[in-house]
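Numbering (the numbering used here), first residue to last: 76 to 300.
Printed below as a string of structure tokens:
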């Protein structure tokens with residue numbers, strides 16, 4: 076019994092030291108990962124095999140999310156299905172790009188919620204019946220009603236390259252390198268539409284009663300001007 080007590084007293088501090096060492100190593104790995112994000116270098120947010128770094132967004136009535144054939148598939152929700160990034164992410168002066176496809180349905184399939192300084196915004200891709208693209212919201216107006224609204228004919232099953240850039244005074248976006256959004260946000264009120272889309276913050280994708288697919292998700296810090 077005395078031997079067991081003595082061993083326990085010796086091992087307990089060693090166990091504590093081992094735990095502390097593991098925590099320190101994990102923190103060091105996190106710092107190293109953060110240091111890898113140098114301005115101008117694209118960083119992957121999807122490994123093509125799993126939802127590592129992402130979590131399913133807890134929308135009411137959400138559909139299934141699965142990874143297959145190098146893509147994330149957002150099953151049709153009632154109404155929304157989505158994924159939200161669980162790691163760190165810049166608040167401004169960054170660019171994000173990805174490929175998206177509407178596999179079935181007729182509404183937005185890869186809408187992106189993203190940070191803008193101390194707030195958030197959503198780049199709607201094919202909402203309000205399938206063809207409206209724009210930012211929700213600016214000064215309280217949704218994409219369907221503000222100056223970023225445009226119309227884009229998304230073909231079912233076709234992959235599109237989407238890219239969004241956020242700086243201190245501007246938000247720009249492109250689809251297949253075609254300029255789609257270019258708005259000065261200096262002095263404007265940027266926010267999210269009322270409702271559960273707030274669950275996509277700080278960075279997340281969502282589909283609306285539609286099957287959408289995502290792949291090749293990357294971001295980079297912009298070089299100082």
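All C-beta atoms, glycine included, are put in the ideal place defined by N, C-alpha and C.
- Counted as a single uninterrupted DSSP element, the beta strand (DSSP E) harbouring residue 146 occupies residues 146-149.
- Counting only residues of its own chain and dropping the five nearest sequence neighbours on each side, residue 154 has a CB closer than 6 angstroms to the CB of 283 and 284.
- Taking the C-beta atoms as reference points, residue 171 is found nearer than 8 angstroms to residue 239.
- Taking 8 angstroms as the cut-off, the Cβ atoms of residue 279 and residue 160 count as close.
- Setting aside the 5 residues that flank it on each side, residue 117 is surrounded in the same chain by 293 and 295, each with a C-beta closer than 6 angstroms to its C-beta; the list follows chain order.
- Every beta strand (DSSP E) of 3 residues or more that sits fully in the region 137-207 is shown, in chain order, as 140-143, 146-149, 155-160, 169-179, 186-191 and 194-202.
- Taking C-beta atoms under 8 angstroms as the contact rule, residue 138 and residue 149 qualify, at a distance of about 7 angstroms.
- Inter-residue distance for residue 179 and residue 151 is about 8 angstroms (C-alpha atoms, whole angstroms).
- Per DSSP, residue 254 is one residue of the beta strand (DSSP E) stretching across 253-259.
- A direct Cα-Cα distance of roughly 13 angstroms separates residue 119 from residue 113.
- Contact check for residue 224 and residue 190: beta-carbon distance about 22 angstroms, past the 8 angstroms limit, so the pair fails to qualify.
- Under the criterion of beta carbons closer than 8 angstroms, residue 289 and residue 185 qualify as touching, at roughly 6 angstroms.
- In the three-state reduction of the DSSP assignment, residue 239 falls in the strand class, which pools E and B.
- With contacts defined as CB atoms closer than 8 angstroms, residue 183 and residue 200 qualify as a contacting pair.
- Partner residues in a beta bridge of residue 298, as assigned by DSSP, do not exist.
- Boundaries for residue 219: no beta strand (DSSP E) harbours it, and the DSSP string shows neither H nor E there.
- Excluding sequence positions up to five before and after residue 136, its CB lies within less than 7 angstroms of the CB of 152, 153 and 154, all in the same chain and listed in chain order.
- Around the beta carbon of residue 177, 16 or more other beta carbons sit within 10 angstroms, so the residue counts as buried.
- Membership of residue 131 in the beta strand (DSSP E) is indicated by the continuous run 129-131.
- Per the coordinates, the alpha-carbon of residue 211 lies some 16 angstroms from the alpha-carbon of residue 205.
- Sequence-distant Cβ neighbours of residue 298 in its own chain, meaning closer than 7 angstroms and more than five residues away, are 114 and 115.
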